[in-house]
Structures are given as C-alpha cells and as structure tokens.
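**Student:** In this note's numbering, the protein residues as written are 12 to 509. Virtual Cβ for every residue (Gly too), placed ideally from N, Cα, C. For clarity, every value in this text was computed on a predicted model and none was experimentally measured. So that we are looking at the same thing, I have put the structure below in structure tokens.
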Ligand code: HEM
C-alpha cells in the first residue's frame with residue numbers, strides 16, 4: 012500500500028508543496044514577529060531528532076534548560092510551543108487562562124471521541140459538558156460525605172483482596188485499578204462491579220492498555236502522519252480497544268435507560284437523561300444533551316478517573332516499600348492518631364506527615380507529565396513572544412513538579428517539601444499534578460479523597476516490603492512511559508500488621 016503511495020505523482024507534489032509552505036511560513040513569520048526560540052528544525056522531520064520520543068517530557072525539560080521557559084519544537088511539520096517551569100506554566104494557564112485554554116485535539120484524540128464529551132472538546136460544547144459534569148459530581152457529593160462512604164466501602168473490598176495474598180509477594184496493579192474504577196463507576200452508573208466480573212476486568216484492561224498505547228512512539232508518529240494509521244499495528248489495535256470499550260458502555264447506558272425512574276436519580280447517567288428529557292419538554296433548544304455527548308463524557312470520566320488514581324496509589328505503596336523509614340513514620344502517626352478504627356477524611360488535618368507523603372507521591376509520581384495538550388484560542392503575546400491562534404501548547408508539568416528553583420530536593424522523595432519546621436503540613440502552589448486554569452482536572456477533590464482513604468486504610472493494616480531476596484535499593488522506580496507514567500510491573504509483599 013505504501014509503495015503505491017510513494018509512486019504516485021500526487022504524493023510527491025503534495026510533499027513538495029508542504030515543504031515549501033513549511034520553509035516559507037518559518038522564514039517569513041520569523042522575520043515579522045518574535046516567536047519563541049528553539050532548536051533549528053530539519054525539513055520534514057522538524058526536531059524529531061532533538062527529542063527522545065520514548066521519554067518526551069524529560070527531553071523537553073532538558074531543552075528548556077537551553078532555550079528558556081517558552082520555546083518552540085517541531086514534530087515533523089507540527090509546531091508546538093512548550094511551557095516550562097512553575098512561573099511560566101502558571102502565568103500561561105492561570106493569568107492567560109482564556110488564550111491558553113483550548114484543547115488540542117490530536118488525530119488519536121479525535122478518533123477516541125469525535126470531539127464530543129469533555130476531555131477532547133472545545134467551545135460551547137466543552138463548556139456545557141464540563142459545567143454539567145462539575146455540578147453533577149458536586150451534587151452527588153464528590154469529595155464530600157457521600158463519596159467518603161462509597162470509598163470507605165470500597166477500601167474494605169480492597170483490603171480483603173490484599174488479605175487473600177497472605178503476605179506473599181504479588182503484583183497489586185489490577186486490584187488497585189479495580190478499586191479506583193469502582194468509585195467512578197458508582198458515580199457514573201450507581202453501581203460497583205465485582206473484581207471477578209470478566210466484563211469489568213476486560214473494561215479495566217482496555218482502559219489501561221489504551222492509556223499506555225496513546226503515549227507510545229507509534230501513536231506519536233500516527234498523530235503526525237494520520238494517513239499512515241492503517242499501516243500502524245498499534246493504531247489498529249488501539250481503535251479496536253476503543254470500539255469494544257464504546258460498545259460496552261453503550262450497553263450499560265441502554266440498561267440504565269430501560270430501568271430509569273425519573274423519581275429516583277442514580278447518579279451521572281440518570282442526571283444526564285433527566286436533563287435531556289426536561290429540555291425536550293421545554294422551549295429551550297437542546298444542543299448538547301444527546302447520546303454522543305453522554306457516551307463520550309462517561310467514557311472520558313471513566314478513563315480520566317481510574318488509571319490516574321490507581322497509578323498514584325501504586326506509586327505510594329512502592330515508595331513506602333523502598334523507603335521503610337518513611338513508612339515507619341506514617342504508620343507511627345496512623346497508630347497514634349487513628350489507632351485501629353476506620354480512617355475518616357476528618358483525620359487528615361491531624362495526619363500532617365501522612366498527608367505530606369501523599370503529596371510527595373503525587374509530585375514524584377508525576378503521572379500526567381505533560382498535562383493534555385492545549386491550544387491557543389487566539390493570537391497571544393506571552394513573555395514577549397508572539398504565539399499564533401491555533402498553536403499547540405504543551406504545559407510541561409514535569410518541569411513544574413521537578414522545578415529546581417522551587418523544590419529543595421527536586422529529584423529525591425522528600426515529604427519535607429510539604430512540612431514546616433514544626434512538622435505542620437504546608438500547601439505549595441508549585442504542587443500542580445492536576446494542572447491549572449480553565450482545563451484543570453475536574454476530579455481533583457474526588458481523587459484527593461480517594462488517595463487519602465485508600466492509602467491510609469492500606470498502610471494501617473499492612474506493612475509493604477520488597478519480595479524475599481530483593482533489597483529496598485533494588486526496587487525500581489523508573490516509570491513505565493505511556494500517556495501517563497505508571498510504575499513498572501513489580502511485586503510487593505503486604506504483611507498484615509494486626
Ligand atoms: C490522581 C488523580 C488525577 C490526576 C493526577 C489528574 C490529572 C489531570 C490532568 C493533569 C489533567 C489535564 C489538565 C490540562 O489539560 O491542563 C486532567 C484533566 C481531566 N481530569 Fe483528571 N486527574 C486525576 C483524577 C481524575 C478523576 C478522579 C476524574 C474524574 C472524576 C478526572 C477527570 C478529568 C477530566 C474530565 C479532565 C478534562 C478537563 C477538561 O478538559 O476540561 N481526573 N486531570
């Protein structure tokens with residue numbers, strides 16, 4: 012197929028035109044306006060040879076040390092402006108929220124949700140869907156009492172699974188994922204799934220695989236040359252995962268539709284359907300409450316709300332096993348303040364060291380290293396540089412969470428980053444794992460509650476250690492790089508403390 016393409020004169024004519032346009036736009040625009048600096052791009056390849064596609068966030072962070080906090084890189088013909096360091100990322104996303112607040116919908120993101128839903132939409136549709144999700148999650152007590160009860164219930168199921176392992180070393184990734192996903196499932200569908208349910212297991216497997224594949228080099232290449240899609244095995248597989256996932260969620264939504272009772276609202280899907288019906292019965296034009304926005308909002312929330320929280324819990328247990336003196340301090344604090352009763356969110360203020368450890372886990376785990384790509388919604392002059400409307404922007408969260416001018420020991424796991432001299436918890440504005448501004452994560456308060464309750468409940472009951480014959484030093488904290496950064500597959504022992 013590729014051969015036929017290369018032999019076609021249309022292909023070569025298009026290529027020459029693209030090269031001409033690329034050189035022309037580069038040359039003429041640079042003459043007129045001061046654009047962010049960057050490594051000199053090569054024809055067609057751009058700066059692909061200047062970056063490591065296998066660890067893009069780190070290599071862009073390195074480039075920022077040479078080119079400054081606002082710089083340009085070309086991925087093939089695609090121009091991207093990178094924002095690096097706390098001050099710059101905050102200034103752009105918060106002080107210029109409107110200009111830097113659109114989402115760049117890459118080809119693979121378009122494939123995923125056709126620009127419906129929340130994550131990969133823009134304009135009025137995005138505003139309405141984001142607002143609806145935020146108010147609905149809030150009405151259902153996201154980050155408050157109601158979700159606290161659900162999370163505590165799920166903690167018991169999770170603990171049971173850990174107990175079944177009887178202190179033997181095992182890979183905890185799946186069951187932690189199941190527990191985290193059940194929270195967002197309850198919020199979406201009003202029900203949790205059994206960990207042994209094959210349909211639920213398949214949904215989780217697809218979710219994790221999709222998030223991982225989205226960050227692989229093959230899919231980055233696909234984003235640059237989408238016409239190559241059918242020749243890329245990983246893209247074909249990813250599309251199959253997306254289709255299967257879609258079918259499964261459509262099935263669940265259809266079941267909920269059949270049993271819907273307007274008097275009884277069972278969470279997100281029901282709330283959406285009720286809003287749709289109310290609009291249909293009123294004179295207000297219904298532009299946004301239709302099946303596509305429902306389906307893709309649900310898929311977005313499940314994807315965004317499962318892997319993220321699950322990976323952070325995994326990171327925390329791994330760090331605890333690697334740094335036993337830190338685990339000692341957390342467990343001493345939990346013993347002293349909570350004892351053996353169930354931890355409540357209320358306890359957080361009396362557990363400053365534990366809270367600091369969870370924050371430091373999120374900083375070092377750095378699970379969404381480049382946020383999601385943004386796009387400028389209008390021409391903007393930023394830090395003296397001109398950035399054109401429609402330019403892709405990467406807010407480099409790695410460069411914020413590891414900013415050398417802001418953190419005392421940026422590359423070391425150090426809970427003191429969040430403690431004062433008296434051992435009291437201190438907030439840090441530089442702590443930005445949920446990003447900032449208009450597109451900031453909408454699940455922050457729910458995620459923070461989940462992390463606190465799951466992590467403290469586990470550390471209350473279990474001592475986490477490396478498998479027999481493996482030393483703490485040998486535990487590998489290099490991430491598995493996908494769209495998110497997750498711990499590499501590993502085994503730990505969870506030894507009962509009671
Ligand atoms: C530890 C857990 C989590 C982390 C670290 C995290 C981080 C992020 C980040 C970095 C973004 C991109 C922001 C940007 O583009 O600037 C984001 C977006 C988003 N997150 Fe989260 N997230 C977490 C959990 C959740 C949960 C539990 C939910 C669901 C309730 C959720 C729903 C979303 C949604 C819908 C967006 C898209 C917002 C938009 O485009 O307007 N996240 N998250």
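To the nearest angstrom, how far is the alpha carbon of residue 407 from that of residue 390?
**Tutor:** Position 396 of the chain shown holds residue 407. Position 379 of the chain shown holds residue 390. Taking the straight line joining both Cα atoms gives about 21 Å.
**Student:** Excluding the 5 residues flanking residue 293 on each side, which residues of the same chain have their C-beta closer than 8 Å to its C-beta?
**Tutor:** Translated into positions along the chain shown, residue 293 becomes position 282. Taken in chain order, the list of residues that qualify is empty.
**Student:** Skipping 5 residues on each side, what residues in its chain have a beta carbon closer than 8 Å to that of residue 229?
**Tutor:** For the purposes of this step, residue 229 is identified with residue 218 of the chain shown, where counting begins at 1. The answer, listed in chain order, is 243, 244, 245 and 246.
**Student:** How is the alpha helix (DSSP H) around residue 319 delimited, first residue to last?
**Tutor:** Start at 1 with the first residue of the chain shown, and residue 319 comes out as number 308. Counting along the chain, the alpha helix (DSSP H) containing residue 319 begins and ends at 302 to 333.
**Student:** Apply the 10 Å Cβ neighbour rule to residue 326 and answer buried if 16 or more other Cβ atoms are within range, or exposed otherwise.
**Tutor:** Indexing the chain shown from 1 puts residue 326 at position 315. That one is buried.
**Student:** Given that a residue counts as buried once 16 or more other Cβ atoms are within 10 Å of its Cβ, and exposed if not, what is residue 266?
**Tutor:** By 1-based counting over the chain shown, the position of residue 266 is 255. Residue 266 is exposed by the Cβ-count criterion.
**Student:** Taking Cβ positions, are residue 507 and residue 465 nearer each other than 8 Å?
**Tutor:** In the chain shown, counting from the first residue as 1, residue 507 sits at position 496. In the chain shown, counting from the first residue as 1, residue 465 sits at position 454. Not in contact: residue 507 and residue 465 (Cβ atoms no closer than 8 Å).
**Student:** Could you compute how far the alpha carbon of residue 478 sits from the alpha carbon of residue 503?
**Tutor:** Within the chain shown, numbered from 1, the residue matching residue 478 stands at position 467. Within the chain shown, numbered from 1, the residue matching residue 503 stands at position 492. The straight-line gap from Cα to Cα measures roughly 6 Å.
**Student:** Suppose contacts are defined by Cβ-Cβ distances below 8 Å. Is residue 304 in contact with residue 119 by that definition?
**Tutor:** Position 293 of the chain shown, counting from 1, holds the residue named residue 304. Position 108 of the chain shown, counting from 1, holds the residue named residue 119. No, these two residues do not count as a Cβ contact at 8 Å.
**Student:** Taking Cβ to Cβ, would you say residue 93 is nearer than 8 Å to residue 58?
**Tutor:** As a working mapping, residue 93 is identified with position 82 in the chain shown. As a working mapping, residue 58 is identified with position 47 in the chain shown. Not in contact: residue 93 and residue 58 (Cβ atoms no closer than 8 Å).
**Student:** Output the distance between the C-alpha atoms of residue 373 and residue 290, rounded to the nearest integer angstrom.
**Tutor:** Taking the first residue of the chain shown as position 1, residue 373 is located at position 362. Taking the first residue of the chain shown as position 1, residue 290 is located at position 279. Spanning the two alpha carbons is a distance of roughly 41 Å.
**Student:** Would you decide whether residue 295 is buried or exposed? Buried here means 16 or more other CB atoms lie within 10 Å of its CB.
**Tutor:** For the purposes of this step, residue 295 is identified with residue 284 of the chain shown, where counting begins at 1. The residue is exposed, with fewer than 16 neighbouring Cβ atoms inside 10 Å.
**Student:** Residue 363 lies in the alpha helix (DSSP H); which residues open and close that run?
**Tutor:** The count along the chain shown starts at 1 and reaches residue 363 at position 352. Run containing residue 363: 363 to 376, per the alpha helix (DSSP H) assignment.
**Student:** Specify whether the stretch 344 to 351 and the stretch 429 to 449 touch according to this definition: at least 3 beta carbon pairs, one from each stretch, less than 8 Å apart.
**Tutor:** Verdict: no, contact absent.
**Student:** Which term fits residue 346, buried or exposed, when burial requires 16 or more other beta carbons within 10 angstroms of its beta carbon?
**Tutor:** Position 335 of the chain shown, counting from 1, holds the residue named residue 346. Exposed: under 16 other Cβ atoms inside 10 Å.
**Student:** Quick test of the definition: if touching needs 3 or more C-beta pairs under 8 Å, does the stretch 450 to 468 touch the stretch 138 to 148?
**Tutor:** Because the criterion of three Cβ pairs below 8 Å is met, the stretch 450 to 468 and the stretch 138 to 148 touch.
**Student:** Kindly give me the distance between the Cβ atoms of residue 110 and residue 308, rounded to whole angstroms, as I take these residues to be in contact under 8 Å.
**Tutor:** Walking along the chain shown from the start, residue 110 turns up at place 99. Walking along the chain shown from the start, residue 308 turns up at place 297. 26 Å between Cβ atoms; not a contact.
**Student:** Is the beta carbon of residue 226 closer than 8 Å to that of residue 493?
**Tutor:** By 1-based counting over the chain shown, the position of residue 493 is 482. By 1-based counting over the chain shown, the position of residue 226 is 215. For residue 493 and residue 226, yes; Cβs fall inside 8 Å.
**Student:** I'd like to check one pair, residue 410 with residue 72: are the Cβ atoms closer than 8 Å?
**Tutor:** As a position in the chain shown, residue 72 is number 61, starting the count at 1. As a position in the chain shown, residue 410 is number 399, starting the count at 1. Cβ atoms of residue 72 and residue 410: closer than 8 Å.
**Student:** Are residue 140 and residue 299 close, meaning C-beta to C-beta below 8 Å?
**Tutor:** Within the chain shown, residue 140 is the residue found at index 129, counting from 1. Within the chain shown, residue 299 is the residue found at index 288, counting from 1. Yes, they are a contact pair.
**Student:** Any heavy atom of the ligand HEM within a distance shorter than 7 Å of the CB on residue 453?
**Tutor:** Against the chain shown, residue 453 aligns to sequence position 442. Flag set: Cβ of residue 453 near the ligand HEM.
**Student:** List the residues that DSSP assigns as beta-bridge partners of residue 385.
**Tutor:** As a first step, residue 385 is located in the chain shown; it is residue number 374 there, counting from the start. Per DSSP, 114 and 404.
**Student:** Taking contact to mean 3 or more Cβ pairs, one atom from each stretch, closer than 8 Å, check whether the stretch 427 to 435 and the stretch 126 to 135 are in contact.
**Tutor:** The stretch 427 to 435, when compared against the stretch 126 to 135, does not touch it at the 8 Å Cβ threshold.
**Student:** Looking at the ligand HEM, does it come within less than 7 Å of residue 146, judged from the CB to the closest heavy atom?
**Tutor:** For the purposes of this step, residue 146 is identified with residue 135 of the chain shown, where counting begins at 1. Not under cutoff, so the answer is no.
**Student:** Please list the terminal residues of the continuous beta strand (DSSP E) segment that includes residue 200.
**Tutor:** Here residue 200 refers to the residue found at position 189 when the chain shown is read from its first residue. Unbroken run through residue 200 is the alpha helix (DSSP H), 184 to 200; no beta strand (DSSP E).
**Student:** Just to check my reading of the structure: residue 252 and residue 217 have Cβ atoms closer than 8 Å, yes? What is that Cβ distance to the nearest angstrom?
**Tutor:** By 1-based counting over the chain shown, the position of residue 252 is 241. By 1-based counting over the chain shown, the position of residue 217 is 206. Indeed they touch by this definition, with Cβ atoms about 5 Å apart.
**Student:** In three-state terms, what does DSSP make of residue 50?
**Tutor:** Looking up residue 50 in the chain shown gives position 39. Looking at residue 50 - three-state DSSP - the assignment turns out to be coil, as it is neither helix nor strand.
**Student:** With a threshold of 7 Å, establish whether the CB of residue 427 neighbours any heavy atom of the ligand HEM.
**Tutor:** Here residue 427 is taken as the residue at index 416 of the chain shown, counted from 1. Because no heavy atom of the ligand HEM lies under 7 Å away, the Cβ of residue 427 does not count as near it: no.
**Student:** Hey, quick one: how far does the beta strand (DSSP E) through residue 504 stretch, first residue to last?
**Tutor:** On the chain shown, position 493 is the one that residue 504 refers to. First-last of the beta strand (DSSP E) with residue 504: 504 to 507.
**Student:** Going by Cα to Cα distance, which pick from 460, 509 and 436 is closest to residue 470?
**Tutor:** As a working mapping, residue 470 is identified with position 459 in the chain shown. The candidate whose alpha carbon is nearest that of residue 470 is 509.
**Student:** Should residue 90 go down as buried or exposed, given a rule of 16 or more other Cβ atoms within 10 Å for buried?
**Tutor:** As a working mapping, residue 90 is identified with position 79 in the chain shown. That one is buried.
**Student:** Would you tell me roughly how many angstroms separate the C-alpha atoms of residue 55 and residue 88, rounded to the nearest one?
**Tutor:** In the chain shown, the residue the question calls residue 55 occupies position 44. In the chain shown, the residue the question calls residue 88 occupies position 77. Cα to Cα, the separation comes out at about 6 Å.
**Student:** Excluding sequence positions up to five away, which residues of its chain have a Cβ less than 6 Å from the Cβ of residue 70?
**Tutor:** Here the question's residue 70 lines up with position 59 in the chain shown. Excluding residues within five positions, the ones whose Cβ falls inside 6 Å are 62 and 63.
**Student:** Three or more C-beta pairs closer than 8 Å, one from the stretch 481 to 491 and one from the stretch 327 to 338: is that the case here?
**Tutor:** Contact holds: three or more Cβ-Cβ distances are below 8 Å.
**Student:** Helix, strand or coil: which one does DSSP assign to residue 496?
**Tutor:** Position 485 of the chain shown holds residue 496. Here residue 496 sits in strand by DSSP.
**Student:** Is the separation between the beta-carbon of residue 393 and that of residue 81 shorter than 8 Å?
**Tutor:** Counting from 1 along the chain shown, the entry for residue 393 is found at position 382. Counting from 1 along the chain shown, the entry for residue 81 is found at position 70. Contact flag set, yes.
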